[in-house]
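As numbered in full-length UniProt numbering, residues 1 to 113 make up the sequence shown, in order.
Even for Gly, the Cβ is constructed at its ideal location relative to N, Cα and C.
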Amino acid sequence: MMSHPEACTALTRMEARLRETRHNLFELERSLRDRGEEETIRSRPKMRRYNRRMSNWTGKDEEAYLQVLDRLTDSAAADLDRLRRKVERQDMAIEALRRKYRVNVERPTFAPL
C-alpha cells in the first residue's frame with residue numbers, strides 16, 4: 001500500500017511516460033502524413049506554376065495523397081496499433097491509481113511539441 005505522496009509521485013512518473021507515448025504516436029502519424037505528401041508530389045509533377053496565391057494541389061492530387069497515405073498507414077498498422085493500445089493501457093492504469101488513492105488533481109493535457 002502506497003502513501004498519498006508516493007501515489008502522487010508514481011502518478012507524475014506515469015503521466016510523463018504517457019506523454020512520451022502520445023508524443024511517439026503523434027510523431028509516427030505526422031511522419032506518415034509527411035511521407036505521403038512527399039510521395040504524392042514526386043509522383044505527380046506539375047507542368048506549370050500558377051500565381052503564388054493559388055494552390056497547385058488539385059483534386060486528383062488529393063486522391064493520390066489519400067491512396068498513398070492509406071498504403072503507408074497499412075504498412076505501419078502494427079506500430080500504430082501497438083502505440084494506441086499502449087496509450088489506452090497507460091491511461092487506464094493512471095485512472096485506476098487515481099481512483100484507488102483518491103487523487104483529484106487535474107490531469108495534464110497532451111499538447112504536441
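What residue from the options has the CA that sits closest to residue i's CA?
| i | options | result |
| --- | --- | --- |
| Lys-46 | Val-68, Asp-61 and Lys-86 | Asp-61 |
| Leu-83 | Glu-106, Arg-17 and Arg-22 | Arg-22 |
| Arg-13 | Ile-94, Asn-104 and Phe-26 | Ile-94 |
| Ser-3 | Val-103, Gly-59, Leu-18 and Glu-63 | Val-103 |
| Glu-38 | Pro-112, Arg-53 and Gln-67 | Gln-67 |
| Phe-110 | Arg-53, Asn-24 and Glu-63 | Asn-24 |
| Arg-17 | Lys-86, Met-54 and Val-105 | Lys-86 |
Do residue j and residue i have their beta-carbon atoms positioned less than 7 Å apart in this structure?
| i | j | result |
| --- | --- | --- |
| Val-108 | Glu-15 | The sequence given here places Pro at residue 108; Val does not occur at that position. Going by C-beta atoms, Pro-108 is nearer than 7 Å to Glu-15. |
| Leu-69 | Gly-36 | yes |
Quick test of your reading: residue i and residue j, contact by CB under 8 Å. State the CB separation rounded to the nearest angstrom.
| i | j | result |
| --- | --- | --- |
| Tyr-65 | Asn-56 | Not really, about 13 Å apart at Cβ, beyond 8 Å. |
request  = Mind the definition here: the stretch 89 to 98 touches the stretch 35 to 53 only if three or more C-beta pairs lie below 8 Å; say whether that holds.
outcome  = Flag = no, the stretch 89 to 98 and the stretch 35 to 53 do not touch.
ask   = If you pair each beta-carbon of the stretch 93 to 112 with each one of the stretch 70 to 78, do three or more pairs fall below 8 Å?
value = The answer is no - the stretch 70 to 78 does not touch the stretch 93 to 112, with fewer than three Cβ pairs under 8 Å.
query = Is the stretch 1 to 12 touching the stretch 24 to 39, taking contact as three or more C-beta pairs under 8 Å?
reply = Short answer: they don't touch.
request  = Let me know the alpha helix (DSSP H) ranges lying completely inside the stretch 5 to 77, each 4 residues or longer, listed in chain order.
outcome  = Fully enclosed alpha helix (DSSP H) runs of no fewer than 4 residues occupy 59 to 75 of the stretch 5 to 77, in order along the chain.
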